[in-house]
Amino acid sequence: MSTTPDTTGRTTGRAAERARELDAADPLAPFRDEFLLDASAAGVPGVGAYLDGNSLGRPLRRTAAAVEAFVRGEWGGRLIQGWSHDDRVGDGGWMDWPTDLGDLLGRVALGAGPGQTVVADSTTVLFYKLVRAAVDHGLAAGRDEVVADTDNFPTDRFVLEGVAAERGITLRWIETDPAAGITAEQVAAAVGPRTALATFSHVAYRSGHLADARAITSVVHDAGALVLWDLSHSAGSVPLALDAWGVDLAVGCTYKYLNGGPGAPAFAYLAQRHLGVLRQPVQGWMGHADPFAMGRGYQPDPGVRQLISGTPPVVGMVPVRVGLEQLERAGIEAVRAKSLLLTRFALDLADELLAPLGVQVATPREDGARGGHVTLRAGTSGADFREVTRRLWAAGVVPDFRTPDGIRLGLAPLSTRFAEVADGVAALERVVRGAR
Ligand SMILES: *Cc1c(COP(=O)(O)O)cnc(C)c1O
């Protein structure tokens with residue numbers, strides 16, 4: 069097919085103009101200037117349109133300063149004394165950071181009251197600890213099944229396979245539509261008297277489908293089981309109300325929408341009512357009721373600190389705090405409002421520019437069923453989306469590729485401009501046309 073410069077030019081022009089209007093009317097626009105936007109690395113082309121904030125958020129400028137201040141003042145200045153409370157500096161020691169930061173995260177992003185959240189480990193490790201705790205609890209009551217869905221993130225599925233082998237339980241898989249996600253009806257049909265635990269992603273990593281966490285939690289509870297939500301793609305993007313929804317357990321990343329940086333520590337939520345009832349298996353000295361007693365026999369901390377095992381990643385928590393403080397100033401409701409406008413804009417442009425080429429939208433169109441990213445599939449376009457992604461990266465447009473044929477546009481509301489969406493979709497259109 070020959071290109072039609074007139075039409076394309078005009079459409080792209082309209083998209084750019086619409087993007088300018090949306091950016092001008094965006095109440096969160098000033099927050100973007102808080103990010104380190106002018107950074108570059110030798111040999112790597114600059115990023116013009118960053119559309120992968122759902123995989124790795126951008127750093128804040130304050131983060132660079134805060135990490136340096138920590139190294140010089142806290143680590144370098146206090147050395148081993150930094151672990152303990154010190155009246156001279158008026159600071160609780162690093163020992164308290166996992167729970168203090170957990171409380172901040174609970175308040176700003178999770179809808180969780182204090183004393184139920186820790187920041188530690190990776191999402192994978194925390195997921196393992198909570199799954200094992202729930203499975204052991206269920207087994208004691210004769211419940212030997214875990215319900216999950218086939219489109220959940222690989223690490224979750226792999227951990228479940230491992231726990232099933234370890235504990236001799238059965239995994240009951242719900243087949244979900246990869247262009248949608250888990251529904252309360254599907255869960256109701258799968259849970260029963262043998263279910264110990266049901267676990268799902270709140271926002272599906274592939275499609276961006278937003279599950280009805282309140283309804284699903286209640287369906288799981290009706291069957292007498294516990295629910296564990298993976299919030300990796302919702303924390304910092306979608307308002308959460310873990311306490312109000314009656315959620316039992318949750319985990320998630322801080323390096324996606326929370327901008328904590330590569331490998332930043334994860335978080336786990338354990339509802340107050342389960343403290344002292346559920347028990348996680350990785351018993352380490354840092355989760356002990358009195359770590360420095362160094363005595364015989366493990367005695368878990370009575371609080372949520374019991375979820376911790378070894379020495380917490382303190383340096384990695386510095387950027388997480390900076391990100392959460394920014395989110396608190398912006399407000400999660402405002403973030404969600406912009407997120408919906410960003411994804412709506414991306415969907416409109418995809419319909420206008422990419423659908424005629426055969427590209428398919430694999431993200432729910434209903435606002436209430438959509439998280440913070442938009443997934444496009446190669447469909448009948450004839451383009452190899454892995455190769456398309458490579459060319460986009462080389463051109464400074466950075467979405468990500470997910471097998472088998474998806475390109476995800478991750479739109480982080482605090483750092484993404486509507487102009488980036490317009491530029492990104494226009495670049496995608498050019499590359500797909502060229503690849504046919
Ligand atoms: C990103 C992501 C993870 C990542 O787990 P890590 O232990 O940080 O590698 C886990 N679950 C979901 C749903 C994710 O999107």
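Okay, so the sequence shown: first residue is 69 according to the numbering used here, each after it adds one. Cβ atoms here follow ideal geometry from the backbone N, Cα and C, with glycine treated the same way.
Since residue i is in the beta strand (DSSP E), which residue starts that stretch and which ends it?
{"i": "VAL295", "result": "294 to 298"}
{"i": "ALA188", "result": "185 to 188"}
{"i": "GLY371", "result": "Neither: GLY371 is in no beta strand (DSSP E) and is coded neither H nor E."}
{"i": "ILE475", "result": "474 to 478"}
{"i": "THR411", "result": "Where THR411 is concerned, there is no enclosing beta strand (DSSP E), although the alpha helix (DSSP H) it sits in stretches over 400 to 417."}
{"i": "LEU124", "result": "No beta strand (DSSP E) holds LEU124; DSSP gives it neither H nor E."}
{"i": "PHE469", "result": "468 to 470"}
{"i": "THR443", "result": "441 to 445"}
{"i": "LEU239", "result": "238 to 242"}
Considering just the uninterrupted stretch of the alpha helix (DSSP H) at residue i, what are its terminal residues?
{"i": "ALA336", "result": "Per DSSP, ALA336 belongs to no alpha helix (DSSP H); it is in the beta strand (DSSP E), 334 to 338."}
{"i": "ALA216", "result": "Where ALA216 is concerned, there is no enclosing alpha helix (DSSP H), although the beta strand (DSSP E) it sits in stretches over 213 to 217."}
{"i": "TRP461", "result": "453 to 462"}
{"i": "ALA318", "result": "Premise fails: ALA318 lies in the beta strand (DSSP E), 317 to 320, not in any alpha helix (DSSP H)."}
{"i": "GLY502", "result": "486 to 503"}
{"i": "THR267", "result": "No alpha helix (DSSP H) holds THR267; the beta strand (DSSP E) holding it covers 263 to 269."}
{"i": "HIS289", "result": "281 to 290"}
{"i": "TRP165", "result": "165 to 173"}
{"i": "HIS205", "result": "191 to 208"}
{"i": "TRP313", "result": "310 to 313"}
{"i": "PHE103", "result": "Segment: none, PHE103 is in no alpha helix (DSSP H) and carries neither H nor E."}
{"i": "GLN254", "result": "252 to 258"}
{"i": "PRO135", "result": "The question names Pro, but residue 135 is Val in the sequence shown. Looking at the DSSP string, the run of the alpha helix (DSSP H) that includes VAL135 is 129 to 137."}
{"i": "THR223", "result": "222 to 235"}
Output yes or no for whether 8 Å exceeds the beta carbon distance between residue i and residue j.
{"i": "ALA332", "j": "PRO387", "result": "yes"}
{"i": "ALA258", "j": "SER275", "result": "no"}
{"i": "ALA264", "j": "ASP212", "result": "yes"}
{"i": "GLY478", "j": "ASP120", "result": "yes"}
{"i": "ASP219", "j": "ALA256", "result": "no"}
{"i": "LEU96", "j": "LEU482", "result": "yes"}
{"i": "GLY399", "j": "GLY426", "result": "no"}
{"i": "ARG235", "j": "GLN348", "result": "no"}
{"i": "ARG156", "j": "VAL390", "result": "no"}
{"i": "ASP397", "j": "ASN122", "result": "According to the sequence provided, residue 397 is Arg. The question's Asp does not apply to it. Contact: no."}
{"i": "LEU104", "j": "ALA132", "result": "yes"}
{"i": "GLY328", "j": "LEU395", "result": "no"}
{"i": "ARG444", "j": "GLN428", "result": "The amino acid occupying residue 444 in the given sequence is Leu; Arg does not appear at that position. In contact: LEU444 and GLN428 (Cβ atoms closer than 8 Å)."}
{"i": "VAL372", "j": "THR185", "result": "yes"}
{"i": "VAL295", "j": "VAL315", "result": "yes"}
{"i": "VAL319", "j": "LEU278", "result": "no"}
{"i": "ALA490", "j": "ALA84", "result": "yes"}
Under the criterion of a Cβ to heavy atom distance below 7 Å, does residue i qualify as lining ligand 1?
{"i": "THR471", "result": "no"}
{"i": "SER305", "result": "no"}
{"i": "ASP26", "result": "Residue 26 is absent from the model: the chain starts at 69 and stops at 504."}
{"i": "ASP298", "result": "yes"}
{"i": "TYR273", "result": "yes"}
{"i": "SER190", "result": "yes"}
{"i": "HIS289", "result": "no"}
{"i": "ALA58", "result": "Because the chain here runs from 69 to 504, residue 58 falls outside it and cannot be looked at."}
{"i": "PHE335", "result": "no"}
{"i": "SER269", "result": "yes"}
{"i": "HIS66", "result": "The question about residue 66 has no answer, for the chain in this structure spans 69 to 504."}
{"i": "PHE360", "result": "no"}
{"i": "PHE221", "result": "yes"}
Answer with yes or no whether the minimum CB distance from residue i to chain D is below 8 Å.
{"i": "SER190", "result": "Chain labels in this structure do not include chain D; a single protein chain is all it has."}
If contact is defined by three or more beta carbon pairs under 8 Å, each pair taking one atom from either stretch, is the segment 111 to 123 in contact with the segment 449 to 466? Yes: the two stretches touch, three or more of their Cβ pairs being nearer than 8 Å.
For the 8 Å Cβ check, are there 3 or more pairs between the segment 171 to 187 and the segment 307 to 322? With contact defined as three or more Cβ pairs closer than 8 Å, the segment 171 to 187 and the segment 307 to 322 are in contact.
Between the segment 333 to 347 and the segment 185 to 195, do at least 3 Cβ pairs fall closer than 8 Å? The segment 333 to 347 vs the segment 185 to 195: in contact.
Inter-stretch contact (C-beta, 8 Å, three-pair minimum) for the segment 338 to 347 and the segment 365 to 375: With the cut-off at 8 Å, the segment 338 to 347 and the segment 365 to 375 touch.
Quick check: the segment 424 to 443 against the segment 404 to 413, are there 3 or more CB pairs under 8 Å? Touching, yes, given that three or more Cβ pairs across the two stretches are closer than 8 Å.
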